[in-house]
Amino acid sequence: MAFPENFLWGGAVAANQCEGAYNEDGKGLCTQDVTPHGIVGPRTEEPTEDNMKLVGIDFYHRYKEDVKLFAEMGFKVFRTSIAWSRIFPNGDEETPNEKGLQFYDDLFDECHKYGIEPLVTISHYETPLHLAKTYDGWVNRKMIGFYERYVRTIFARYGKKVKYWLTFNEINSVLHEPFLSGGIYTDKDKLSQQDLYQAIHHELVASALATKIGHEMMPDAKIGCMILSMPTYPLTPCPDDVIKTMESVHKNDFFGDVHVRGYYPGYMKRYFRENNIEIKFEPGDEEILKNTVDFVSFSYYMSICETADPEKRVGGKGNIMGGVPNPYLEASEWGWQIDPKGLRYVLNYYWDRYQKPLFIVENGLGAVDKLVEKDGVLTVEDDYRIDYLQKHLLQVEEAVKDGVDVMGYTSWGCIDLVSASTAELKKRYGYIYVDRNDDGTGTLNRYKKKSFYWYKDVIATNGESL
Ligand code: BGP
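Take the sequence shown: its position 21, counting from 1, is numbered 21 in UniProt numbering, and each next residue is one higher.
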């Protein structure tokens, strides 16, 4: 048997992509409420009706039905995020919103009813809008204090119900999406490298501080970082391509390196020197950064290539960050190149680099699904999804055989939800189909796809059925 006995099988979502109820029970606005087109379109002043996230899949009101379905699949763990603006509607007030706190109490209780362990992302692309507008998000050092108050509140409230925590979703994505990822209101093309990296410093300090506070308040908790992983291969064996690839990988490794090693790596100090970036460290920051994580979690959807040759540097599409397409790989309908072996590669890479338990907290195929009737029941024949997941999980198995310590696997969007990059619902990942369309029509009813039964079997056999 390749998968460890207590392997944490499950699924993942984020509050802003599924809950809906964007202004109910005292919730404040967050960055997602004004980005009706995800990362591709302009943001709006106010929430607009075409924003699919305002209703999402109505998880806020239907979570009991959904958790029951997760339990039927045999989930051991369910990853979701807490919407910061449900707890602190503006982000900078002193008193939390009780109704928001109550919602997650109820949700976590519901999970425990079925023996499902919650895995909670503290901040998943949903900074309170007021913090973005008033402080320019993480560019402002005050954010550390607001985040600290928020984490102290949720640790105190849920410490007995939640063991696994992630400080920031895909923390390195702020390099490419400063608004959604870092609540930075300044236009992307006007944002200086100086401000961007200062914002990153604030996030890294906040993350280490949350880890410190979490360990003090919840001795049994396991706190991890979460990185957007994208193995990057040199396009050719030309040494220039190899070095260019190394440099581009460093930009992302910076985040994991600080989280695991507890200090800034030399290659970043060099980058800052050569680009006239001066990171302001306050007294105590260096000490705080030494509070390193218990495990490293990451998303994995695709790999990319890198080249030093400007003529070959055509941009490929990708999961927030693009890259040079790999001529050996096929792509999904949204242009994300499919590379199951890249998952084994990245697991080995992180294990070699960090020697910390690894958790794959996102992976999956975004595809257009069609609801059909089979034996009198509505379902989706999503063999393409099963094929994708099967191939990736077999590579996880290979990595486990390589000796990599893998804690668990939560596939992304275990129930259909609104896409982060395009804000569409037609890009579906789930084992459970939700009847909602991008024009706002649909009953919101849930239907089990073919992959639902497939995954149930994978979990029941601890991966033997793969
Ligand atoms: C990651 C995000 C998720 C998620 C996923 C799939 O970047 O952490 O929130 O949505 O990618 O991306 P998309 O929804 O754009 O298909």
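From the three backbone atoms N, C-alpha and C, an ideal C-beta is built for every residue, glycine too.
Quantities reported herein were computed from a predicted structural model and do not represent experimental measurements.
Which partner residues of residue i appear in the DSSP bridge assignment?
i, result
"C30", "P128"
"R428", "A367"
"R79", "A12, L119"
"R446", "V434"
"F359", "S297, G408"
"Y233", "C305"
"T379", "V372"
"L228", "S299"
"A331", "Q337"
Taking buried to mean at least 16 other C-beta atoms within 10 Å of its own C-beta, is residue i buried or exposed?
i, result
"D189", "exposed"
"I418", "A small correction: the amino acid at residue 418 is Val; Ile does not occupy that position in the sequence shown. That one is buried."
"S421", "buried"
"Y328", "exposed"
"A132", "buried"
"N275", "exposed"
"H61", "exposed"
"F3", "buried"
"F281", "exposed"
"Y135", "buried"
"M217", "exposed"
"P178", "buried"
"E98", "exposed"
"Q17", "buried"
"L180", "buried"
"K27", "buried"
"N363", "buried"
"D241", "buried"
"Y263", "exposed"
"residue 470", "Nothing about residue 470 can be reported from this structure: the residues present for the chain run from 1 to 466 only."
"K312", "exposed"
"S465", "exposed"
The ligand BGP heavy atoms versus the CB of residue i: any closer than 7 Å?
i, result
"S421", "yes"
"L343", "no"
"W9", "no"
"G366", "yes"
"E362", "yes"
"E170", "yes"
"Y300", "no"
"Y271", "no"
"Q390", "no"
"Y384", "no"
"W412", "yes"
"L228", "yes"
"A14", "yes"
"Q17", "yes"
"K426", "no"
"Y125", "yes"
Pull up the CB-CB distance for residue i and residue j, whole angstroms please, since I reckon it's below 8 Å.
i, j, result
"E126", "W165", "With a Cβ gap of about 16 Å, E126 and W165 do not count as contacting."
"G91", "H124", "About 15 Å separates the two Cβ atoms, so there is no contact after all."
"Y388", "I338", "7 Å"
"K163", "D220", "6 Å"
"V361", "F298", "7 Å"
"K53", "D66", "That pair is no contact at about 17 Å."
"I432", "K449", "7 Å"
"Y409", "W138", "Their Cβ separation, rounded to whole angstroms, is 30 Å, which puts Y409 and W138 out of contact at 8 Å."
"G430", "G403", "Incorrect: roughly 33 Å between the Cβ atoms, too far for contact."
"K76", "E117", "6 Å"
"C104", "Y158", "Note that residue 104 is Tyr in the sequence shown, not Cys. Indeed they touch by this definition, with Cβ atoms about 7 Å apart."
"I144", "V205", "6 Å"
"F295", "F359", "6 Å"
Hey, does residue i have any beta-carbon neighbour from chain D nearer than 8 Å?
i, result
"E373", "This model lacks chain D altogether, as it is built from one protein chain only."
Checklist entry - Along the chain, which unbroken stretches of the beta strand (DSSP E) at least 3 residues long are found entirely within the region 86-145? => result If we require 3 residues or more, the beta strand (DSSP E) runs fully inside the region 86-145 come out as 117-121.
Next on the checklist: To test your reading of the DSSP string, which unbroken beta strand (DSSP E) runs of 3 or more residues are found completely within the region 255-311?
Outcome noted: 295-300, 304-306
Next on the checklist: Report the start-end ranges of each alpha helix (DSSP H) in the region 171-203 that is 4 residues or longer and not cut off at the edges.
Outcome noted: 178-182
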